[in-house]
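All residue numbers for the sequence shown refer to the working numbering, where the first residue is 36 and numbers rise by one.
C-beta atoms are modelled at their ideal positions from N, C-alpha and C, and glycine is treated no differently.
Treat the numbers as computed from the prediction; the structure is a model and nothing was measured.
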Amino acid sequence: MYQFEGAFKYPICPDPQETGFQAGQSVALALSSGGARGAYQIGCWRALKESGFSFCAVSGSSIGALNGALICQNDWEAAYGLWMQLTERSLVRVDYRRIGKLALAAATDVGLLFLPVPKFGFLKYASFVYKVASRHGALGFLRNSGVFDLTDIRPLLGEYLEMEKVVESPIPFFVSTCGPPDTLDPLGPLCLFRVQEYGEEEAWRIVTGSMSIPFVFSSISIGGKLHNDGGLKESLPLLPLYQMGVRRIIGVSMRPDMKFKAQDYPGTEISIIKPRKSFGRFPLATFRFTKKAVLDWMDQGYEDAMRFCKEYSPWS
Numbered sequence: 036m037y038q039f040e041g042a043f044k045y046p047i048c049p050d051p052q053e054t055g056f057q058a059g060q061s062v063a064l065a066l067s068s069g070g071a072r073g074a075y076q077i078g079c080w081r082a083l084k085e086s087g088f089s090f091c092a093v094s095g096s097s098i099g100a101l102n103g104a105l106i107c108q109n110d111w112e113a114a115y116g117l118w119m120q121l122t123e124r125s126l127v128r129v130d131y132r133r134i135g136k137l138a139l140a141a142a143t144d145v146g147l148l149f150l151p152v153p154k155f156g157f158l159k160y161a162s163f164v165y166k167v168a169s170r171h172g173a174l175g176f177l178r179n180s181g182v183f184d185l186t187d188i189r190p191l192l193g194e195y196l197e198m199e200k201v202v203e204s205p206i207p208f209f210v211s212t213c214g215p216p217d218t219l220d221p222l223g224p225l226c227l228f229r230v231q232e233y234g235e236e237e238a239w240r241i242v243t244g245s246m247s248i249p250f251v252f253s254s255i256s257i258g259g260k261l262h263n264d265g266g267l268k269e270s271l272p273l274l275p276l277y278q279m280g281v282r283r284i285i286g287v288s289m290r291p292d293m294k295f296k297a298q299d300y301p302g303t304e305i306s307i308i309k310p311r312k313s314f315g316r317f318p319l320a321t322f323r324f325t326k327k328a329v330l331d332w333m334d335q336g337y338e339d340a341m342r343f344c345k346e347y348s349p350w351s
């Protein structure tokens, strides 16, 4: 199940005079999750730009949300500069107060095992499991608060990404997140945001919220609710583009085995640019922000997208 946030509850078509959007003809771009491997998408974007592609809409999940914002800003040099900085600066800062709270929650959870509950010993084990899994237990605390704090990355992003330009862009930009979990949906519902419907500050929260991997980074509050990495539910966010009325979509995924259910998008031509070989899996590849890896992945994205552009005809 998914939720459209804000006013985006029904198909929305942009002004054709602003974006050149023509239902069934215009091409949209969908960007997947993938952490540091997102450098591949930046290389793809360069090739698509050089080949004359422009997009009527963009969607992104997790690192794809950040890259999508950079694309809406329409400044490849700024995007390249940011990714080079990501290889040189530490992305995370350990919050020791958070570590202390986590340790306290874990100690409380373990303490439940030693409660004197005669004849009904199973109750203490049931209480233990409930407490650990609840938002008040160690697991719940870790899911919402993580070990690292993403707030330090905001100033770095702001040096290269002007969110005001993204919010004011005529190109609709959609971001996916996972909303607050519940018993029936432990990952939380898939939430879709049209960034132009929000102010600059909330747009920052939406983008960083989509990047917040549970148990690693702290959840981000959007509209008073905690949100996490959108890639958990929708690695490649095709749905908002389809709902918008676009019937030609180019997706960029860092997974060579990337698949989607074509029957969910009837009448839609969806082409996926993806590497031929795996870049590695979570967590090692996800956090491999080394200069060599980032440059290699950018080059691979450029080559793969150039090969794609030679074969792709959007008006065939």
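- Straight through space, the alpha carbons of residue 64 and residue 287 are spaced by roughly 8 Å.
- With 16 or more other CB atoms across the displayed protein chains lying within 10 angstroms of its CB, residue 94 is buried.
- By DSSP's assignment, residue 228 forms a beta bridge with 210.
- In this structure, residue 309 keeps its C-beta atom at 7 Å or more from the C-beta atom of residue 333.
- The beta carbon of residue 255 sits closer than 6 Å to those of 240, 243, 244, 247 and 262, all from its chain and outside the five residues before and after it, given in chain order.
- When DSSP states are grouped into helix, strand and coil, residue 258 belongs to the coil group.
- Shortest Cα-Cα distance from residue 120 to any of 61, 191 and 69 involves 191.
- Apart from sequence neighbours up to five positions away, the residues of its chain that approach residue 90 with a beta-carbon distance below 7 Å are 62, 63, 64 and 206, ordered along the chain.
- Taking a 10 Å sphere around the C-beta of residue 319, we find fewer than 16 other C-beta atoms and assign the residue as exposed.
- A Cβ-Cβ distance of about 6 Å is found for the pair residue 69 and residue 98, placing them in contact under the 8 Å criterion.
- From the listed residues 311, 314 and 306, the smallest Cα separation to residue 347 is found for 306.
- Excluding the 5 residues flanking it on each side, residue 66 has same chain C-beta neighbours closer than 6 Å at 76, 95, 99, 102, 103 and 287, in chain order.
- Comparing alpha-carbon positions, the option among 72, 233 and 81 lying closest to residue 342 turns out to be 81.
- Residue state for residue 287 is assigned as strand, using DSSP reduced to three classes.
- Under DSSP, residue 306 shares a beta bridge with 285.
- Secondary structure remark: continuous beta strand (DSSP E) runs of at least 3 residues inside the segment 64-132, in chain order: 93-96.
- Cβ neighbours of residue 189 within its own chain (closer than 8 Å, five residues either side excluded): 239 and 243.
- For residue 251, the three-state secondary structure derived from DSSP is coil.
- Taking a C-beta distance under 7 Å as the contact criterion, residue 295 and residue 72 do not qualify as a contact pair.
- Within its own chain, the residues whose Cβ lies closer than 6 Å to the Cβ of residue 86, once the five positions on either side in sequence are excluded, are 344, listed in chain order.
- Taking the C-beta atoms as reference points, residue 329 is found no nearer than 7 Å to residue 111.
- Our two residues, residue 281 and residue 303, have alpha carbons roughly 8 Å apart in a direct line.
- Non-local beta-carbon contacts of residue 266 in its own chain, meaning distances under 6 Å to residues more than five positions away in sequence, involve 68, 96 and 97 in chain order.
- Partner residues in the beta bridge of residue 62, as assigned by DSSP, are 283.
- Residue range 326-346 is occupied by the alpha helix (DSSP H) that includes residue 330.
- Around the CB of residue 299, fewer than 16 other CB atoms lie within 10 Å, so the residue is classed as exposed.
- Bounds of the alpha helix (DSSP H) holding residue 189 are 188-195.
- For residue 238, the uninterrupted alpha helix (DSSP H) segment begins and ends at 235-246.
- Taking the CA atoms as reference points, residue 230 sits about 22 Å from residue 222.
- Cβ neighbours of residue 195 within its own chain (closer than 6 Å, five residues either side excluded): 113, 116 and 117.
- Counting the other CB atoms within 10 Å of its CB gives residue 339 a total of 16 or more, which places it among the buried residues.
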